[in-house]
Amino acid sequence: MNVFKMNQMAFGPAKTGEKPTMPFPREKSASRPGRVFQLSRKPSNWAIFLVSFLTYLVGIFPSIVFALPTDPTIQSGSVTIDTDIPDTMNIYQGTDKAIIDWGSFNIDTMEHVDFQLSQGGVTLNRVTGNDPSQILGKMTSNGDLWLVNPNGVFFGNNAQIDVRGLVATTSNITNSNFLS
Numbered sequence: 089m090n091v092f093k094m095n096q097m098a099f100g101p102a103k104t105g106e107k108p109t110m111p112f113p114r115e116k117s118a119s120r121p122g123r124v125f126q127l128s129r130k131p132s133n134w135a136i137f138l139v140s141f142l143t144y145l146v147g148i149f150p151s152i153v154f155a156l157p158t159d160p161t162i163q164s165g166s167v168t169i170d171t172d173i174p175d176t177m178n179i180y181q182g183t184d185k186a187i188i189d190w191g192s193f194n195i196d197t198m199e200h201v202d203f204q205l206s207q208g209g210v211t212l213n214r215v216t217g218n219d220p221s222q223i224l225g226k227m228t229s230n231g232d233l234w235l236v237n238p239n240g241v242f243f244g245n246n247a248q249i250d251v252r253g254l255v256a257t258t259s260n261i262t263n264s265n266f267l268s
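Residue numbers (the numbering used here): 89 to 268.
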């Protein structure tokens with residue numbers, strides 16, 4: 089639906105020769121007795137452009153709106169995911185290797201994702217969604233992390249990565265190859 093159709097839905101179709109009115113009557117006030125409707129102004133082209141541009145951005149870049157990794161599915165290993173603290177995700181792994189499929193894997197500027205792995209542990213984090221991963225905040229781990237996203241991985245200027253080892257790639261690996 090384009091902006092002009094949304095404008096017509098919100099403000100009604102333009103009628104020739106009539107002045108636009110508010111869709112709902114206002115209460116009568118003592119200062120203006122007998123006046124039920126007040127003339128409304130049509131939004132400026134700038135206002136229409138701004139609303140449509142922001143709507144466009146939200147539609148194109150949904151990952152900007154949502155941060156922290158989402159929709160985890162544990163494919164292998166013993167993993168517990170804790171998000172009790174806002175802007176922080178703690179991932180506890182009890183096995184040497186684990187595989188987690190994520191709908192999206194993003195970390196915003198003020199967010200922190202911490203992996204606590206067993207001694208010598210490694211985690212394969214595979215992104216199954218359609219958006220690239222944006223790592224803008226802090227990611228820590230006492231083990232090795234593999235981040236696989238076929239749509240790409242972006243590390244921001246202020247991203248803080250403190251892990252024992254990191255592989256970030258667009259290439260895929262099968263679960264059986266990773267586990268062996």
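All residues carry an ideal CB built from backbone N, CA and C; glycine is no exception. In this text the structure is predicted, and so the values were computed from the model without any measurement.
(Q) Quick check on the burial criterion: 16 or more other C-beta atoms within 10 angstroms. Buried or exposed for M198? (A) Result: exposed.
Q: Apply the 10 Å Cβ neighbour rule to Q207 and answer buried if 16 or more other Cβ atoms are within range, or exposed otherwise.
A: Exposed, since its Cβ has fewer than 16 Cβ neighbours within 10 Å.
Q: Go ahead and label S264 buried or exposed: buried means 16 or more other beta carbons lie within 10 angstroms of its beta carbon, across all protein chains shown.
A: So S264 counts as exposed.
Q: Examine the Cβ distances between the region 215-226 and the region 188-195 and report whether three or more of them are shorter than 8 Å.
A: As far as the Cβ criterion goes, the region 215-226 touches the region 188-195, which means the pair count is three or higher.
Q) So who's on the other strand from I195, going by DSSP bridges? A) According to DSSP, I195 shares a beta bridge with I223.
**Q.** Residue range of the alpha helix (DSSP H) that includes L267
**A.** 263-267 is the span of the alpha helix (DSSP H), which, as asked, contains L267.
**Q.** Run of the beta strand (DSSP E) containing R214, from where it starts to where it stops
**A.** Annotation for R214: the continuous beta strand (DSSP E) segment containing it runs 210-215.
Q. Closest by CA to Y180, which one among G165, F141, S268?
A. For Y180, the closest C-alpha among the options G165, F141, S268 is that of G165.
Q) Which ranges does the beta strand (DSSP E) cover as unbroken runs of at least 3 residues, wholly within the region 155-179, from first to last along the chain? A) Segments of the beta strand (DSSP E) lying fully in the region 155-179: 161-164, 167-170.
(Q) What does the alpha-carbon distance come out to for the pair F243 and V236? (A) If you take the alpha carbons of F243 and V236, they lie about 14 Å apart.
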